[in-house]
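For reference, the structure discussed in these notes is given below.
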Amino acid sequence: MHKRFARLLVISLFPTVAAVAQPVLAIPALNSASYRTPGMPGSGIAQGSILYIYGTGVGPASFTQASAFPLLTTLGGTSITVTVGGTQYPALMLYTSSNQAAAILPSTTPVGSGTYTVTYNGQTSAPADIQVVASAFGIYAVNERGSGQASTWAKDGIHLNSIINTFNPGDYVTLWGTGLGAINGSDAEGAPFGNVPGSVTVYVGNTAASVVTYHGRSPGFAGLDQIDFQIPAGVTGCAVPVAVQAGGVLGNIGNIATIAVSDSGQTCSDSVMGQDLVNKLAAGQTVGFGYIRLESAREQTLSFEFFTGDFVSATFSEYTPGNAGLAAYDVSSGYCVAVDCSNGCANNSYETLSDSSPAQLDAGALSVDTSLPLTQFSGGDYGAVLAGTYLFPGFTHTVSGTGGAAVGAFSQSDLASIPSAMFTGISTNQTVPLSGDLTVQWTGGDPTLQNGQVTIGAISAAGLTANNTATLYEYLQCTAPASAQHFTIPGWVLSALPPTGTAQFQGIPYALGWIWIGQYNKPTSFSAKGLDSGIVTDIFQNGYGVLFQ
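In this note's numbering, the protein residues as written are 121 to 669.
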């Protein structure tokens with residue numbers, strides 16, 4: 121279980137160490153589970169929910185956590201005050217440190233726009249905006265970023281759900297999160313059992329769960345919610361989307377996480393790592409996996425111009441049975457996920473959800489065709505964004521690694537695939553409604569690529585900053601059978617996208633939304649010391665600039 125989620129489940133005492141006084145700087149408050157960027161659909165801070173802030177000088181140098189009920193409004197010298205309608209509402213502190221803090225927004229805080237300040241050792245931050253809402257539920261995820269595998273117990277009640285501890289259709293699941301809404305009792309004490317008033321819809325795969333047995337505070341805890349539901353029949357996959365729509369309002373979804381479901385048994389069968397590595401993990405072994413992707417996008421954004429973007433991504437990760445929930449790749453066939461990318465996606469901020477692994481194995485220096493070096497972002501996380509066209513269908517590209525502290529040297533060629541799937545019925549600058557399901561159609565598709573599947577992707581950004589960084593930016597990804605020639609993106613997934621803004625190129629406006637289709641190539645395996653398996657693949661995506669509205 122990851123640290124931040126554990127901090128909200130367990131009350132323990134840590135020593136406080138005095139910090140040197142420094143200016144207090146805090147960003148807008150986030151739901152502590154979803155991390156939804158303020159302004160995005162489903163991003164408000166619900167009454168009675170756990171909010172999270174980070175910045176500088178917000179607390180003591182040593183992590184300090186509440187140790188007993190009742191919770192107090194000051195902890196380790198830190199306090200958070202929310203002001204709505206000219207009235208101040210002190211938050212109830214859960215933990216604090218020099219760069220992060222968490223607290224419960226009182227259920228009595230009125231709905232509406234307001235501000236909040238953080239005070240530490242007598243120094244108070246400048247007011248920051250906060251939007252208080254009646255409900256906005258976020259699901260805690262294993263990666264502590266609000267995406268990928270949900271932090272939820274497997275059916276044995278001992279292990280976390282993962283590719284080696286799957287659910288089966290008919291099983292009952294408990295989702296942990298925060299943001300169901302206000303309670304009538306005290307937020308400072310452990311909550312009693314009881315549903316929080318209001319409508320709750322749990323989406324699993326492409327359907328809504330017909331059996332939801334509980335939606336309220338986790339008994340004995342403060343601010344922490346749980347939702348108990350039954351997995352519908354027909355749902356299966358290593359990465360099945362799950363989301364909660366609170367308050368009966370379309371789009372009021374804090375985040376979309378995934379759960380691992382198999383028809384029977386305790387392992388799933390569609391992980392990109394391959395069944396041999398899944399079986400090793402299930403047998404209690406540690407595995408090392410390298411995943412290298414050459415990706416190219418061609419999106420027609422203007423009547424006479426194509427936007428081209430090529431990039432290379434690589435991650436090298438070690439998994440144990442205990443952290444198997446971090447082995448989150450892609451989304452299972454027939455489903456979609458969407459992720460808030462306003463502050464970066466996955467490990468390297470590229471427009472891909474194909475890898476959210478921990479990427480902690482140093483593989484030395486990597487390059488493509490010896491002339492293109494990859495940037496090493498962290499121990500095992502690499503990438504390169506290419507200015508213009510570099511990758512070509514049918515050409516051979518070679519990825520090489522010099523070897524590092526954890527992964528040995530390797531060199532592997534990839535014969536790039538030939539794209540054949542093309543959208544029909546979509547045109548440049550078309551308006552795409554966000555208020556319902558969207559059925560897309562295509563021609564072509566190679567049954568020998570990606571196990572006969574296609575990948576459908578989309579992004580929508582509200583605007584651009586002065587340095588051309590996207591603001592309020594959501595990424596959507598779906599996997600579907602290529603032979604179907606059509607796929608329906610559920611409206612509840614689309615509702616996570618912000619309305620598309622526009623920008624200009626040489627004085628001509630264009631949409632900051634895109635939708636595309638492609639297929640991953642058959643993986644080419646490579647071997648290196650420190651890895652049980654490594655694969656190289658490529659994808660050529662093509663599509664259109666559109667306006668999601």
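We put the beta carbon where it would ideally sit given N, CA and C, even for glycine. Here the structure is a predicted model, which means the values were calculated and not measured.
| Going by DSSP, what residues sit across from W296 in a beta bridge? | Taking the first residue of the sequence shown as position 1, residue 296 is located at position 176. In DSSP, W296 forms a bridge with Q346.
| query | According to DSSP, which residues form a beta bridge with V253? | reply | Start at 1 with the first residue of the sequence shown, and residue 253 comes out as number 133. Paired residue(s): A166.
| query | Grouping DSSP H, G and I as helix and E and B as strand, with all else coil, what is S603? | reply | The sequence position of residue 603 within the sequence shown is 483, counting from 1. Of the three classes helix, strand and coil, the one that applies to S603 here is helix, per DSSP.
| field | Through-space distance from F409 to L667, alpha-carbon basis | value | Here residue 667 is taken as the residue at index 547 of the sequence shown, counted from 1. Here residue 409 is taken as the residue at index 289 of the sequence shown, counted from 1. About 38 Å.
| task | Can you tell me the Cβ-Cβ gap for D307 and G343, rounded? I've got them flagged as a contact below 8 Å. | result | To locate residue 307, count along the sequence shown from 1; it is residue 187. To locate residue 343, count along the sequence shown from 1; it is residue 223. Going by Cβ atoms, the distance from D307 to G343 rounds to 7 Å, so yes, they are a contact pair.
| A417 versus D430 - alpha carbon distance | Sequence index remark: in the sequence shown, residue 417 carries index 297 (1-based). Sequence index remark: in the sequence shown, residue 430 carries index 310 (1-based). Distance between the alpha carbons of A417 and D430: 6 Å.
| query | Does the distance from the CB of A448 to the CB of T522 come in under 8 Å? | reply | Position 328 of the sequence shown, counted from the start, is the residue given in the question as residue 448. Position 402 of the sequence shown, counted from the start, is the residue given in the question as residue 522. No; because the gap between Cβ atoms is not below 8 Å, this pair is not in contact.
| query | Distance, Cα to Cα, D348 vs M542? | reply | The residue you call residue 348 lines up with position 228 of the sequence shown. The residue you call residue 542 lines up with position 422 of the sequence shown. Straight-line Cα distance between these residues: approximately 41 Å.
| said: Give me the DSSP bridge partner(s) of Q496. | reply: On the sequence shown, position 376 is the one that residue 496 refers to. Looking at the DSSP assignment, Q496 forms a beta bridge with Y502.
| request: Answer with buried or exposed for H606, where buried requires no fewer than 16 other C-beta atoms within 10 angstroms of its C-beta. | output: Taking the sequence shown and counting its residues from 1, one reaches residue 606 at position 486. Burial call: exposed.
| query | Nearest to V332 by alpha carbon, out of V432, Y292 and C456? | reply | As a working note, residue 332 is residue 212 in the sequence shown. V332 has its Cα closest to that of Y292, out of V432, Y292 and C456.
| field | CB-CB length for G164 against V238, believed under 8 Å | value | Translated into positions along the sequence shown, residue 164 becomes position 44. Translated into positions along the sequence shown, residue 238 becomes position 118. Incorrect: roughly 19 Å between the Cβ atoms, too far for contact.
| For A444, the three-state DSSP class (helix, strand or coil) | On the sequence shown, position 324 is the one that residue 444 refers to. Three-state result, A444: helix.
| request: In angstroms with no decimal places, state the Cα-to-Cα distance between V574 and V451. | output: Within the sequence shown, numbered from 1, the residue matching residue 574 stands at position 454. Within the sequence shown, numbered from 1, the residue matching residue 451 stands at position 331. Going from the Cα of V574 to the Cα of V451 covers about 11 Å.
| task | Assess, as a yes-or-no matter, whether the stretch 432-441 is touched by the stretch 484-500 under the definition of 3 or more beta carbon pairs within less than 8 Å. | result | yes
| What do you reckon, are the CB atoms on F287 and V381 nearer than 8 Å? | Sequence index remark: in the sequence shown, residue 287 carries index 167 (1-based). Sequence index remark: in the sequence shown, residue 381 carries index 261 (1-based). For F287 and V381, yes; Cβs fall inside 8 Å.
| message | On the CB-based measure, 16 or more other CB atoms within 10 Å of its CB, does I538 come out buried or exposed? | response | Looking up residue 538 in the sequence shown gives position 418. It counts as exposed.
| Where does A403 land, buried or exposed, given buried means 16+ other C-beta within 10 angstroms? | On the sequence shown, position 283 is the one that residue 403 refers to. Exposed, since its Cβ has fewer than 16 Cβ neighbours within 10 Å.
| Whole-number beta carbon distance between P567 and S603, since they are thought to touch under 8 Å | Taking the first residue of the sequence shown as position 1, residue 603 is located at position 483. Taking the first residue of the sequence shown as position 1, residue 567 is located at position 447. Contact holds; Cβ gap of about 7 Å.
| request: Mind the definition here: the stretch 165-177 touches the stretch 216-235 only if three or more C-beta pairs lie below 8 Å; say whether that holds. | output: yes
| task | Would you give the residue range spanned by the beta strand (DSSP E) that N662 belongs to? | result | Mapped onto the sequence shown, residue 662 falls at position 542. Where N662 is concerned, the enclosing beta strand (DSSP E) stretches over S653 to F668.
| field | Residue range of the alpha helix (DSSP H) that includes W273 | value | Sequence index remark: in the sequence shown, residue 273 carries index 153 (1-based). W273 -> no alpha helix (DSSP H), and no H or E assigned at all.
| task | Could you tell me whether the Cβ atoms of L592 and Y640 are closer together than 8 Å? | result | As a working note, residue 592 is residue 472 in the sequence shown. As a working note, residue 640 is residue 520 in the sequence shown. Against a cut-off of 8 Å, the Cβ pair of Y640 and L592 comes out as no contact.
| Which one or two residues does DSSP pair with P629 in a beta bridge? | Start at 1 with the first residue of the sequence shown, and residue 629 comes out as number 509. For P629, which the question treats as bridged, DSSP gives the partners Q624.
| Under 8 Å between C-beta atoms of V398 and I278 | Indexing the sequence shown from 1 puts residue 398 at position 278. Indexing the sequence shown from 1 puts residue 278 at position 158. No, they are not a contact pair.
| task | Name, in chain order, the residues that DSSP records as bridge partners for T207. | result | Here residue 207 refers to the residue found at position 87 of the sequence shown. T207 is bridged to V204.
| query | Whose C-alpha, out of I659, G197 and L558, is nearest the C-alpha of Y215? | reply | The residue given as residue 215 occupies position 95 in the sequence shown. Of I659, G197 and L558, the residue nearest in Cα terms is G197.
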